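Positions 183 to 501 (our numbering) are the ones given, in order, by the sequence shown.
All C-beta atoms in this analysis are idealised placements derived from N, C-alpha and C, irrespective of residue type, glycine included.
Owing to the predicted nature of the structure, the values given are computational and were not obtained by experimental measurement.
To start, the structure itself, in structure tokens.
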Amino acid sequence: MYRWVIILHCVAVIHARHFRSDYTYYHELNGWMKLHQMPTTWDDARQRCTLEGSVLASPVNNELLQAMKIVIGQSRAKRGVFTGVSDIFSPGDFFSVEGIPIGKISADWAPSEPDNKKNEEHCIAMLPNGTIADVNCNEPYPYICFKQNTPNMPTPYHCGTVDPEYKLESRTGSCYKFHRIGRPWPGAFKTCVAEGGHLAIINSDTEAQVLKEMYAKNPDNIVKAKYPHVASIGFNKWGETSSYSWLTIHGQTLQEAGYEVWEPNTPNNATPGEYCGSIYRSGKLNDMRCHEAIPFFCEKLPGSLIENEQDSVTDINSN
Ligand SMILES: *[C@@H]1O[C@H](CO)[C@@H](O)[C@H](O)[C@H]1NC(C)=O
Ligand SMILES: [Ca+2]
């Protein structure tokens, strides 16, 4: 009897939690939400939700409207949040990021909205009382990401994410993903964080070997990268003028981190401004200009994004 209780409990938990532990499951939505307290521009909010595998939430039905209202109410977002509704594709044509036209959005306008003040209001925010207003897309707001549950949702793999591109490496105990679409170093950093990890940090010769092998599996399929044979990892030069201050993104010197094998004649700041860290296909380190779009490696501990608290399932009506 006791055993059955445990099994049933586990089934329910797995069902409810198999997206990400930083998201909360809402029964009424059959989906997950995450409030981002840190205000940002609409573009950045949309991109971060996308990178997390979700969408920028909009009140596309009454359940979402009520849930968003509750999340805003529980937060410090006293001015409200961005919704996913904007007219970025064509001025005056407002759609949610899922393509729902604003006429079908389940929210009322706040008094004297929309007013398109100064002809600069192209994004829709939700106020704490659930009404909406057009606002400036570049004026930072908090936002909510939403992930709809679907019958064919993948369950997390051994890397603790539904993203199958993360592969567990037994030699190091970490998971890695090679991003073959080039991004500047800061965008690569953002992408890895949104995926629950960080730009890869090399802590041993073995780990350098692991990345080298992954890189070799991608000989000619790298896109949007000016330099396909160099890939960003997690170290950079702190204080651009001081001579030797290369640190990992977790604050260690390369020597402390456990790997400091530079490609011959690097770092050389060959094109001035090479303050970001990368590796060649050889697995050896290189200095690179931070704004160059190049491929990159993310690293993720298998336990990040795994739920270890008792219950993250929330009932909207349960208070
Ligand atoms: C919602 O909030 C706005 C802004 O504070 C206010 O102007 C409006 O009257 C409120 N609407 C309702 C229905 O409470
Ligand atoms: Ca307005």
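If you run the structure through DSSP and keep just helix, strand and coil, what is residue i?
{"i": "Y397", "result": "helix"}
{"i": "A307", "result": "strand"}
{"i": "R365", "result": "strand"}
{"i": "C374", "result": "helix"}
{"i": "H218", "result": "strand"}
{"i": "G266", "result": "strand"}
{"i": "I314", "result": "strand"}
{"i": "V253", "result": "helix"}
{"i": "E445", "result": "coil"}
{"i": "H380", "result": "strand"}
{"i": "L350", "result": "strand"}
{"i": "T388", "result": "helix"}
{"i": "R185", "result": "Residue placement at R185 is flagged as unreliable, the pLDDT there being 45, under the threshold of 50; the coordinate-derived value follows with that caveat. Helix, per DSSP."}
{"i": "G213", "result": "strand"}
{"i": "L487", "result": "coil"}
{"i": "L246", "result": "helix"}
{"i": "K260", "result": "coil"}
{"i": "K408", "result": "coil"}
Looking at ligand 1, does it come within less than 7 Å of residue i, judged from the CB to the closest heavy atom?
{"i": "N244", "result": "no"}
{"i": "P296", "result": "no"}
{"i": "N311", "result": "yes"}
{"i": "P293", "result": "yes"}
Express the C-alpha separation of residue j and residue i in angstroms, rounding to a whole number.
{"i": "A259", "j": "N244", "result": "20 Å"}
{"i": "H325", "j": "P446", "result": "First, the residue type needs correcting, since residue 325 is Tyr and not His in the sequence shown. Taking the straight line joining both Cα atoms gives about 46 Å."}
{"i": "G364", "j": "F276", "result": "31 Å"}
{"i": "F201", "j": "K482", "result": "16 Å"}
{"i": "Q492", "j": "L350", "result": "Confidence in Q492 is poor, its pLDDT being 41 and thus under 50, which makes the residue's placement unreliable; the coordinate value appears in the next sentence. Taking the straight line from one Cα to the other gives about 26 Å."}
{"i": "H380", "j": "F417", "result": "11 Å"}
{"i": "N212", "j": "V253", "result": "16 Å"}
{"i": "W367", "j": "S294", "result": "43 Å"}
{"i": "N442", "j": "P296", "result": "The sequence given here places Glu at residue 442; Asn does not occur at that position. The alpha-carbon atoms of E442 and P296 are separated by roughly 57 Å."}
{"i": "W444", "j": "P273", "result": "50 Å"}
{"i": "I488", "j": "A249", "result": "24 Å"}
{"i": "K284", "j": "Q330", "result": "According to the sequence displayed, residue 284 carries Ile and not Lys. Using only the alpha carbons, I get a separation of about 20 Å."}
{"i": "G255", "j": "M335", "result": "29 Å"}
{"i": "H278", "j": "S414", "result": "In the sequence on display, residue 278 carries Ser and not His. Whole-angstrom Cα-Cα distance: 33 Å."}
{"i": "Y457", "j": "Q437", "result": "18 Å"}
{"i": "S352", "j": "T435", "result": "25 Å"}
{"i": "G262", "j": "S486", "result": "29 Å"}
{"i": "T265", "j": "T448", "result": "46 Å"}
{"i": "W451", "j": "A407", "result": "Checking the sequence shown, residue 451 turns out to be Asn, not Trp. Looking at the two C-alpha atoms, the distance is approximately 19 Å."}
{"i": "S460", "j": "Y348", "result": "19 Å"}
{"i": "N298", "j": "A315", "result": "9 Å"}
{"i": "G455", "j": "K419", "result": "10 Å"}
{"i": "A292", "j": "Q391", "result": "58 Å"}
{"i": "T430", "j": "Y208", "result": "38 Å"}
{"i": "C305", "j": "C327", "result": "16 Å"}
{"i": "P241", "j": "D387", "result": "50 Å"}
{"i": "P477", "j": "V412", "result": "7 Å"}
{"i": "L247", "j": "I287", "result": "9 Å"}
{"i": "D402", "j": "P310", "result": "50 Å"}
{"i": "M308", "j": "M470", "result": "41 Å"}
{"i": "S268", "j": "E234", "result": "20 Å"}
Over the uninterrupted beta strand (DSSP E) stretch that includes residue i, give me the two end residues.
{"i": "V412", "result": "412-419"}
{"i": "C458", "result": "458-462"}
{"i": "E474", "result": "From DSSP, E474 is part of no beta strand (DSSP E); its letter is neither H nor E."}
{"i": "Q330", "result": "323-330"}
{"i": "L467", "result": "467-470"}
{"i": "Y207", "result": "206-208"}
{"i": "T430", "result": "428-430"}
Identify the continuous alpha helix (DSSP H) that holds residue i and give its terminal residues.
{"i": "D225", "result": "224-233"}
{"i": "L436", "result": "436-439"}
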